[in-house]
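Q: Per the numbering used here: the sequence shown = residues 7 to 299.
Okay, here's the structure, questions in a sec.
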Amino acid sequence: MTTREEVREFLVSRRAKVTPEMVGLPAGGARRVPGLRRGEVAVLAGVSVEYYTKLERGDLRGVSDEVLEAIASALRLDEAERSHLFDLARHANVGTRPRRRPSPARGVRPSLLHLVDSITEGAAVLGNLRGDIVATNALARALYDPVYRSQQDPVGYPRFIFLDPASRDFYPDWEQIADGSVASMRTVAGRHPFDRTVTDLVGELSTRSEEFRTRWARHDVRLHIEGIKRIHHPVVGALELEYNVVELPADAGLNLTVYTAAPGSDSAEKLALLASWWASEKSAVEEASRTIS
7 MTTREEVREF
17 LVSRRAKVTP
27 EMVGLPAGGA
37 RRVPGLRRGE
47 VAVLAGVSVE
57 YYTKLERGDL
67 RGVSDEVLEA
77 IASALRLDEA
87 ERSHLFDLAR
97 HANVGTRPRR
107 RPSPARGVRP
117 SLLHLVDSIT
127 EGAAVLGNLR
137 GDIVATNALA
147 RALYDPVYRS
157 QQDPVGYPRF
167 IFLDPASRDF
177 YPDWEQIADG
187 SVASMRTVAG
197 RHPFDRTVTD
207 LVGELSTRSE
217 EFRTRWARHD
227 VRLHIEGIKR
237 IHHPVVGALE
247 LEYNVVELPA
257 DAGLNLTVYT
267 AAPGSDSAEK
277 LALLASWWAS
287 EKSAVEEASR
297 TIS
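In structure tokens form, the structure reads like this:
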């Protein structure tokens, strides 16, 4: 899908979500489509109908930040949606489309791996743009053991969520997790539209999963920063974990997510059990390897 098509479908989908009542306009007569009319968005944004129509057709070339802010306000965009609109505009104004190239393979800095390993009270995951698990500490490896068992390298959340039925047992709130996964990927795709690793994954999941394809067509976006995640681990059972995502400016395309449990909670006790289980598992594997050799 081209940037112009992305812009058009995103703006149309957002306009459909805003009712006249939400912005203080009379509902008027029968409407052929849900949400605001183009003319109503234009009035709210302070631009001509012709100009807004041009923008909604996907032509964001030369549009000012002030106009983008006005449109974001008229469409009641949240922070993630506003950022996505600005990302689309930035790429629309690049001019010529860069040639698609495979993203270069990059190693992870040893000091970054040391940082991940040094986190002992929480499960630490180093991830990349497309949701692959690049590295973990011991507790996160134990936490996401079902994901590792599900696939070969690279191990990633989206393929597990949409291609492995076991994900519905692992995530009690599967629908919410699936919505969030696609919305996060849509945000990344808007920010990095020419990253082949991302576009190839979107293409694969769109082909193989109706659940993914339906969600992708909604054009929902989200900022993956913090929240609560519920997991049902096959070893310790139900866990409720807080997570925080840290961007890594020195390592473009990577982020660090740390999952923790409230002190003294049932989930905190289960995390401790999980750590103990993984230590035993790892020792057993190492012992078996020594025996074979």
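The beta carbon of each residue, even a glycine, is placed where N, CA and C say it ideally should be.
These numbers were taken from a predicted model, which means no experiment stands behind them.
Would the stretch 87-95 count as touching the stretch 34-54 if we require 3 or more Cβ pairs under 8 Å?
A: Output reads no: the stretch 34-54 does not touch the stretch 87-95.
Q: Between the beta-carbon of S187 and the beta-carbon of P152, is there less than 8 Å?
A: Their beta carbons are not under 8 Å apart, which means S187 does not touch P152 by this criterion.
Q: For T142, which three-state DSSP category applies?
A: T142 falls in the strand class under three-state DSSP.
Q: Please say whether F166 and Q305 have beta carbons closer to each other than 8 Å?
A: Because the chain here runs from 7 to 299, residue 305 falls outside it and cannot be looked at.
Q: Answer with buried or exposed for K276, where buried requires no fewer than 16 other C-beta atoms within 10 angstroms of its C-beta.
A: Buried, by the Cβ-count rule.
Q: Following the continuous beta strand (DSSP E) through R236, name the residue where it begins and the one where it ends.
A: Counting along the chain, the beta strand (DSSP E) containing R236 begins and ends at 232-239.
Q: For H238, collect the residues of the same chain with a Cβ closer than 8 Å to its Cβ; drop the 5 residues on either side in sequence, then sort them by chain order.
A: Same-chain partners within the cutoff: D175, F176, Y177, P178, A244, L245.
Q: Using only alpha-carbon positions, find the residue among S117, V114, R115, G68 that is nearest to A95.
A: The candidate whose alpha carbon is nearest that of A95 is G68.
Q: Assuming T142 contacts V114 under a Cβ cut-off of 8 Å, what Cβ separation, rounded to an integer in Å, is found between them?
A: 12 Å between Cβ atoms; not a contact.
Q: Where do the N-terminal and C-terminal ends of the beta strand (DSSP E) with A258 fall, by residue?
A: No beta strand (DSSP E) holds A258; DSSP gives it neither H nor E.
Q: How close, in whole Å, do the beta carbons of L81 and R20 come, if the pair is a contact with beta carbons under 8 Å?
A: Yes, they are in contact, since the Cβ atoms of L81 and R20 sit about 5 Å apart, within 8 Å.
Q: Ignore the nearest five residues each way along the sequence and tell me which others in V18's own chain have a CB closer than 8 Å to its CB.
A: Correct list, in chain order: E62.
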